[in-house]
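> Below you'll find the structure I mean.
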């Protein structure tokens, strides 16, 4: 019986067409699986980034509206500064220009208000800007005898990304 050559003397065995086709099919399936996994990984990451951005916008809008609706005559300067810190653009400029009068009126009338955001939702979003609808309940008291009964209001605030933080650039009440 003749020995089969081994090592360098061995003649490579020819693959059958069925084995070659099987290897090609497995390779194509592996590449398809990698492509699908990559696609789903990419879309999942995009969805997470968008959800995180929406969360940042809503958190900033909620805090901004609380700052706008919560004022205490005993710490009026600090409360006004909170609004200024959370705002930008024309809104900030106008609020700052009127802040001295606002503080004077608050202190004279001994105004205290407490705002609480009930709900907030992004109405529209375009790039680094978003319009947010906010339902807020506000309790107000003053020296004139205003009761602290909660008043429900709806606001629309436009949030703009500035220096890595979303800030209010426009605010108004919705009828």
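Numbering (full-length UniProt numbering), first residue to last: 1 to 175.
Every residue, glycine too, gets a C-beta built ideally from N, C-alpha and C.
All figures in this text were calculated on a predicted structure; none of them were measured in a lab.
Identify which residue in 175, 46, 51 and 79 has its Cα closest to the Cα of residue 155.
Measuring from the Cα of residue 155, the nearest candidate turns out to be 175.
> Around the C-beta of residue 62, are 16 or more other C-beta atoms found within 10 angstroms, so that it is buried, or is it exposed?
Counting Cβ neighbours within 10 Å, residue 62 comes out buried, since at least 16 surround it.
> With 16 as the cutoff for other CB atoms within 10 Å, does residue 73 come out buried or exposed?
Looking at its Cβ environment, which holds 16 or more other Cβ atoms inside 10 Å, residue 73 is buried.
> What do you reckon, are the CB atoms on residue 64 and residue 86 nearer than 8 Å?
Their beta carbons are under 8 Å apart, which means residue 64 touches residue 86 by this criterion.
> Let me confirm a value: residue 51 is counted as buried when at least 16 other C-beta atoms fall within 10 Å, else exposed. Which label applies?
The residue is exposed, with fewer than 16 neighbouring Cβ atoms inside 10 Å.
> What residue from 113, 129, 95 and 122 has the CA that sits closest to residue 152's CA?
Residue 113 is the option with its Cα nearest to residue 152.
> Quickly, what does DSSP pair residue 166 with across the bridge? List them, please.
Note: residue 166 sits in a beta bridge opposite 161.
> Please return the same chain residues whose Cβ sits closer than 6 Å to the Cβ of residue 67, not counting the five positions on each side in sequence.
82, 83 and 86, listed in sequence order.
> Indicate the three-state DSSP secondary structure (helix, strand or coil) for residue 174 in the structure shown.
Correct three-state label for residue 174: coil.
> According to DSSP, simplified to helix, strand and coil, what is residue 124?
In the structure shown, residue 124 sits in a strand (DSSP, three-state: E or B).
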